[in-house]
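Residue numbers for the sequence shown follow the working numbering, beginning at 323 and rising by one. Ideal Cβ positions, reconstructed from N, Cα and C, are used throughout, including at glycine.
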Amino acid sequence: MIKLRCKKFFRSNSKVASSNAVVADTKLGGEIKWELRPGGMLVQKRECAENDGDSIITLRVSTVTQWHHISIQPTSSFGELKMVLAMVTGLEPNEQRLLYKGKEREDCEYLHMVGVKDKDKVLLFQDPSIKERKLATNGHVQDIGSTYHTICV
323 MIKLRCKKFF RSNSKVASSN AVVADTKLGG EIKWELRPGG MLVQKRECAE NDGDSIITLR
383 VSTVTQWHHI SIQPTSSFGE LKMVLAMVTG LEPNEQRLLY KGKEREDCEY LHMVGVKDKD
443 KVLLFQDPSI KERKLATNGH VQDIGSTYHT ICV
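In structure tokens, the structure reads:
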């Protein structure tokens, strides 16, 4: 027969600080700040704890020839950013391709979940397949420097 020991889990008064306690951890070279939530859970401290819903970030959106400064909430999606850019650039949202940190982002991805912060750079390109369809329906090439040419027989 096996005998099991009973372990008691409890808090000692020396470990519990106030509900806003901050502990620094320097294992990974950078300082990580922790906070103790009212329920007793120790979590990594948020960077912008106050006014999360009211904060607005400014993005630098770069097209091939122009820069645009767009102010938007960080909880917005890339699809919402495309709608704002459609008003500024004249490109429809389905014609736009947005790149952030070298990766194309989908419409359903949220800015804050991907890591977009204030004054970050986002690249805007026109979708080449839609550009080709437009050129094919028009019957001529408008962009002379393009490597794609439409030939009508």
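Rounded Cβ spacing between residue i and residue j (contact assumed at less than 8 Å)
i: Phe400; j: Asp429; result: 6 Å
i: Lys404; j: Gln418; result: 5 Å
Bridge partner(s) assigned by DSSP for residue i
i: Leu421; result: Glu426, Leu445
i: Val383; result: His390, Val444
i: Gln395; result: None, per the DSSP bridge assignment.
i: Ser365; result: In the sequence as presented, Ser is not what sits at residue 365; that position holds Val. Note: Val365 sits in a beta bridge opposite Glu357.
C-alpha gap between residue i and residue j, whole angstroms
i: Gly424; j: Arg382; result: 15 Å
i: Lys349; j: Leu364; result: Per-residue confidence for Lys349 stands at a pLDDT of 46, beneath the threshold of 50, marking its modelled position as unreliable; the derived number appears in the next sentence. Roughly 17 Å between the two C-alpha positions.
i: Thr459; j: Ser377; result: 44 Å
i: Glu353; j: Ile394; result: 29 Å
i: Gly455; j: Gly412; result: Correcting the residue identity first, residue 455 is Arg in this sequence and not Gly. So the two alpha carbons sit approximately 17 Å from each other.
i: Leu457; j: Thr380; result: 34 Å
i: His390; j: Trp356; result: 37 Å
i: Leu433; j: Leu420; result: 12 Å
i: Ile392; j: Lys367; result: 28 Å
i: Ile452; j: Val436; result: 26 Å
i: Pro415; j: Gly362; result: 45 Å
i: Val386; j: Phe447; result: 7 Å
i: Val410; j: Gln388; result: 11 Å
i: Glu402; j: Pro450; result: 21 Å
Cβ-based burial, residue i [other Cβ within 10 Å; buried from 16]
i: Val344; result: Low local confidence applies: a pLDDT of 45 at Val344 is under 50, so the model's placement there is unreliable, with the coordinate-based value given in what follows. Exposed, since its Cβ has fewer than 16 Cβ neighbours within 10 Å.
i: Arg359; result: exposed
i: Val444; result: buried
heavy atom of the ligand SAH below 6 Å from residue i C-beta
i: Lys423; result: This structure simply doesn't include the ligand SAH, nor any ligand for that matter.
Proximity to residue i [Cα-Cα], best of the options
i: Ser384; options: Leu407, Pro396, Ser398; result: Leu407
i: Thr397; options: Glu431, Val410, Met409; result: Glu431
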